[in-house]
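Structure, as structure tokens:
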Amino acid sequence: MTTRFMVTTPIYYVNDRPHIGQARTTIAADVLARFHRMAGEETFFLTGTDEHGSKVEEKAKKLGMTPRELCDLNVGYFKRAWESLNISYDYFVRTTDVRHEKAIVRLLDRLYKARTKNGEEVIYQGEYSGLYCLGCEKFITEKDLVNGLCPDHQQEPKRITEKNYFFRLSSYLKQLEDLIRRDELMITPEEKKRETLGLLKQELEDFSISREKVSWGIPLPFDPSQNAYVWVDALPNYISAVGYGDDPEQFKKWWKEGKVIHLIGKDILKFHTIFWPSMLLALGEALPNQIFVHGFFTINGQKMSKTLGNVIYPETYVELYGSDGARYLLLTQFPFGQDGDIQEERFVEKYNADLANDLGNLVSRTLKMVGSYCDGTIPQASVYESSDENLIREATGCSDLVWWHIQEISINQAIDQIMKLVRSTNRYIENQAPWTLVKNNNMERLQTVLYVSCETLRIISALFYPVLPQKCTRIRELLGFSGEDMIPTLNEANQWGRLKSGTKVSIPESLFPRLEKTGKSAIKVGYEKSKEAVVEESNIPLEVSYDEFSKIDFRVAEVKSAEKVKGADKLLKLKIEIGTEEREIVAGVAEHYTPEEMVGKKIVVVANLQPAKIRGIESNGMLLAARDGNILSLVCLDKDVKGGSKIS
Ligand code: MSP
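Per my numbering, the very first residue in the sequence shown carries number 1297; after that it's consecutive.
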């Protein structure tokens, strides 16, 4: 029987667009899902959005929208961000889905009817008064406050007293502790298991499952004057998505028989390691197998927060480093289980060192040599020498090590292992110096060396595929793969000799173009871009004064020439004329307009922006375009007006 593997991310709040904190967890889950699929396991990768609760309700009110409108808007951002990062989820759950809402009603109803071992009601009515932080969506204690403010959100909590229903947590704590100690509910890394056991030692109070004052939520079936507390609505997404309440077969297949792993950040430990399993125990349902708790990152030493203006959005990184580059950089800054700091400085260095130099170079030199020395076809190996055998051993042995790290959720060690193989292959090529073999007309040896290089590259393209899916697909295309063989398997990675000599290869473009340090940090770019994007892509009425608005200089510009930006699929470099002034701008329209279509168009640009360096090119302005899903349409004028005309 094949193993079934189910991996989940937290479902993210939709009061805002996704940031790179949420992106990192999602990328990690994607890497795990892709590896398990490659290992031939039936895999279910679940992510989604947490949409009810006061946080969304209040934000929507502030923006003059309904909660539903705000949810739909931001879910769009999440889905687009995950698409741009190549996230291969199997199911995207929304807590406002009718299917999920029905499952919650059923679950609440069952909890209400359930009794503990001592015959007590699992759910009982009480009164709760406490300090409630809207940012956290939870009650917090006086001692958590710093200067009267929630330390995470820098806002004053509200005192709330209300009639609530409570979950009798105390009845499940002993049983839960035993399960955790025996690793039947495995909590990793070890220190997070200890932290949970420590929490269980404290007197944990029963938690309230409902809210009287929050109207954006799911009404309790046994008392519709109250809505389900957002966490009680959110946690069961992990089962509603696999058929709890409406598809017993699917539910059995994944929740009961699959190996279920929740990936979470350390901020939501207690909800996942204590509340959620206790709810499942009360329902008589199986527990997840493992909860992996990863660390948090800061940005240049600071917590990422809107107030500090240092929130980074994933699309900024995708634009700067490409989809795979962004995935790689977000994963490799520090070990996944630990806390760490993200420093923009290190991003460019790491990208250039690992991706542009080590991997990019390996691909380009290997295939270029096959192109020039072997007529562009995979050569025939003859006798292997010990240097060949050493590399073959390392290459075919790599997948076991990588797979072992993946099962341990040591994603960084897995990546290090693959990078080690990349570096060994580069060293091998340097030592064997195919260029000298050509000079000496030692063609037999040359062919063997290049065959060994290509085969190792094939293995690397398989092992790196879960981390760099786009570029590895390209490497495999270059190596002459097509059809089903394009999708790598773990099995293929420990076999030697899969590439057939005589297969035509292609000469690569630069897979990872080197980057310059721009001096302008992504943090700044990200922040500015986020504001633009919101104005451009949504109906959110951002408050801008007439005075501020009148500072923007919109002009008609004529496109004189256009060309693709090397190595950037989305960008075009345009020469434009604003009246008599010539300028160059870089615009992200290449997927929607060819250079030929752009030439001669009269477009609208923002003419008084500070120049920005994009892919090493200075862009002096920004064009306006409307986006509707996958459609991008330039803003043009419906009467012919002179280039340079001011738009007011
Ligand atoms: N909606 C709840 C989760 C419900 S799950 C049933 C929630 N949402 S959230 O949008 O705030 O996302 C929290 C998660 O985002 C964290 O657990 C973590 O995975 C990720 N991160 C948010 N900020 C982060 C960092 N600064 N660093 C690393 N991960 C971060 O909580």
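For glycine and all other residues, C-beta sits at the position ideal for the given N, C-alpha and C.
Predicted model, so just to flag it, every value in this text is computed and none were measured.
Check: Contacting residues, own chain, Cβ-Cβ under 6 angstroms from residue 1583 (five flanking each side not counted); Outcome: 1481, 1573, 1576
Check: Residue 1882 vs residue 1848 beta-carbon contact at 8 angstroms; Outcome: no
Check: 7 angstroms CB neighbourhood of residue 1449 in its chain, flanking five on each side removed; Outcome: 1429, 1431, 1432
Check: heavy atom of ligand 1 below 7 angstroms from residue 1525 C-beta; Outcome: no
Check: Residue nearest to residue 1649 in terms of C-alpha spacing, selected from 1768, 1522, 1810; Outcome: 1810
Check: Pair within 8 angstroms by beta-carbon distance, residue 1398 and residue 1519; Outcome: no
Check: Whole-angstrom C-beta distance between residue 1423 and residue 1382, which should lie under 8 angstroms; Outcome: At roughly 49 angstroms, the Cβ-Cβ gap does not stay under 8 angstroms, so residue 1382 and residue 1423 are not in contact.
Check: Contact check, residue 1899 vs residue 1861, beta carbons under 8 angstroms; Outcome: no
Check: Per DSSP, cross-strand counterpart(s) of residue 1914; Outcome: 1909
Check: Contacting residues, own chain, Cβ-Cβ under 7 angstroms from residue 1506 (five flanking each side not counted); Outcome: 1460, 1461, 1516, 1522, 1523, 1524, 1525
Check: Residue 1311 versus residue 1935: straight-line alpha-carbon distance, rounded; Outcome: 41 angstroms
Check: Residue 1523 in three-state terms, based on DSSP; Outcome: strand
Check: Near ligand 1: residue 1308 beta-carbon under 7 angstroms from a heavy atom; Outcome: yes
Check: For residue 1791, three-class secondary structure by DSSP; Outcome: coil
Check: Residue 1428 - DSSP class collapsed to helix/strand/coil; Outcome: strand
Check: Buried versus exposed call for residue 1447 [16 or more other C-beta atoms within 10 Å across all chains shown]; Outcome: exposed
Check: C-beta contact flag for residue 1536 and residue 1400 at 8 angstroms; Outcome: yes
Check: Buried or exposed (CB count within 10 angstroms, at least 16 for buried), residue 1394; Outcome: exposed
Check: Where residue 1923 falls: helix, strand or coil (DSSP); Outcome: strand
Check: For residue 1511 and residue 1353, believed in contact at Cβ under 8 angstroms, the rounded distance; Outcome: 7 angstroms
Check: 8 angstroms Cβ cutoff met for residue 1885 and residue 1921; Outcome: yes
Check: Classification of residue 1544 by the beta-carbon crowding that lies within 10 angstroms, buried from 16 upward; Outcome: exposed
Check: Proximity to residue 1743 [Cα-Cα], best of 1675, 1530, 1679; Outcome: 1675
Check: Coil, strand or helix - residue 1873 by DSSP; Outcome: strand
Check: Cβ-Cβ distance between residue 1766 and residue 1660 below 8 angstroms; Outcome: no
Check: Cα-Cα separation between residue 1332 and residue 1301, rounded to whole angstroms; Outcome: 7 angstroms
Check: Segment contact flag, the segment 1747-1762 with the segment 1693-1704, C-beta cutoff 8 angstroms, min 3 pairs; Outcome: yes
Check: Unbroken alpha helix (DSSP H) run spanning residue 1741, endpoints; Outcome: 1739-1759
Check: Candidates 1593, 1750, 1731, of which the one nearest residue 1801 by Cα; Outcome: 1750
Check: At least 3 beta-carbon pairs within less than 8 angstroms: the segment 1789-1806 vs the segment 1637-1648; Outcome: no
Check: Residue 1518 in three-state terms, based on DSSP; Outcome: coil
Check: Any non-hydrogen atom of ligand 1 within 7 angstroms of residue 1758 CB; Outcome: no
Check: Burial state of residue 1327, where buried means 16 or more other Cβ atoms lie within 10 Å; Outcome: buried
Check: Which of helix, strand or coil DSSP assigns to residue 1634; Outcome: coil
Check: Same chain, Cβ closer than 6 angstroms to residue 1772, neighbours up to 5 away in sequence not counted; Outcome: 1757, 1782
Check: Where the beta strand (DSSP E) containing residue 1593 begins and where it ends; Outcome: 1593-1595
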